[in-house]
Amino acid sequence: MWGLFVLLAVGGASALRSSSAAIPPYVQARSAFTHSRLYLQQKVPHDRNSYGNSNTRNHLAMGIVVAVTAAIAKNSSEGGTEYDALSILDETVPQVWENYNEVSKGVNQILAEAHAKIQPITSLIDALCRTTDSVEMCNMQVNERVSNSDGYIKRRAKLLVALGRVSNLLTKREKELNHMAKGFTSIPYLLQQLEKPTFKNLLRELGDVYILLRKNDVGPF
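Next comes the structure, spelled out in structure tokens:
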């Protein structure tokens with residue numbers, strides 16, 4: 001158990017990398033997703049207060065950014081293009097204003113779905129890595145088991161790694177997102193970000209997550 005605790009602590013402090021390009025960073029991805037999942041749950045919670053409340057305005061601002069970003073990425077995963085981004089923004093923002101709690105509900109549902117679907121891999125980490133203090137060794141052991149498993153497990157392993165990449169990108173933006181929410185500048189922030197390659201990369205990675213989430217519904221092979 002101590003070995004697993006050390007692995008999670010080290011994994012959370014590490015970038016999403018592995019000692020070998022052939023070994024996916026499962027431990028790091030798990031820690032990164034756990035962090036970003038809790039962050040989003042905290043920043044886009046269910047809120048019954050009026051928009052006159054400062055905390056509620058912060059939640060609304062973050063909800064707008066999350067909803068627009070998710071909608072653009074989902075559209076991309078379904079064959080849309082980046083030229084759809086502004087129309088998606090125009091359509092999504094009023095919806096968030098009208099029913100913020102539906103956005104909060106949707107965020108929590110997708111996070112719960114992702115968390116549930118990577119459970120087979122996180123269970124592998126728990127089972128295989130209890131007695132090792134090496135992140136690299138844990139990743140190797142998990143990868144060996146995944147490589148010898150069916151398509152069902154392999155897709156969930158890919159999903160975990162993809163979630164880790166998105167989470168790592170999100171974590172790097174936490175400071176600016178917190179500043180945006182405090183200043184309630186979600187629209188200017190989004191308009192600025194839509195032109196940036198780094199944000200477009202985030203959208204691509206998030207789009208990949210949507211694709212993997214849907215593929216995981218196909219079946220075990």
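First residue of the sequence shown? That's 1 in the UniProt record's numbering, and the numbers climb one at a time after it.
C-beta atoms are modelled at their ideal positions from N, C-alpha and C, and glycine is treated no differently.
Check	Outcome
DSSP-derived helix/strand/coil call for PRO188	helix
ILE118, DSSP secondary structure in three states	coil
Exposure of PRO94, with buried meaning 16 or more beta-carbon neighbours within 10 Å	exposed
Neighbourhood of VAL103 by C-beta distance below 6 Å, restricted to the same chain and skipping five residues each side	GLY63, ALA67 and VAL96
Whole-Å CB distance - GLY151 paired with PRO25, under 8 Å assumed	Contact doesn't hold; Cβ gap of about 21 Å is too wide.
Residues of its chain near LYS182, where Cβ-Cβ distance is below 7 Å and the 5 sequence neighbours each way are ignored	ASN58
Cβ distance (whole Å) where ARG155 is taken to contact LEU212 below 8 Å	7 Å
Option in ILE88, CYS138, LYS105 and PRO197 with minimal Cα separation from GLN42	LYS105
Span separating the alpha-carbon of LYS200 from that of GLY207	10 Å
ASN75 burial status per 10 Å Cβ neighbour count (16 or more: buried)	buried
Secondary structure of ASP47, DSSP reduced to three states	coil
8 Å Cβ cutoff met for LEU169 and ILE72	no
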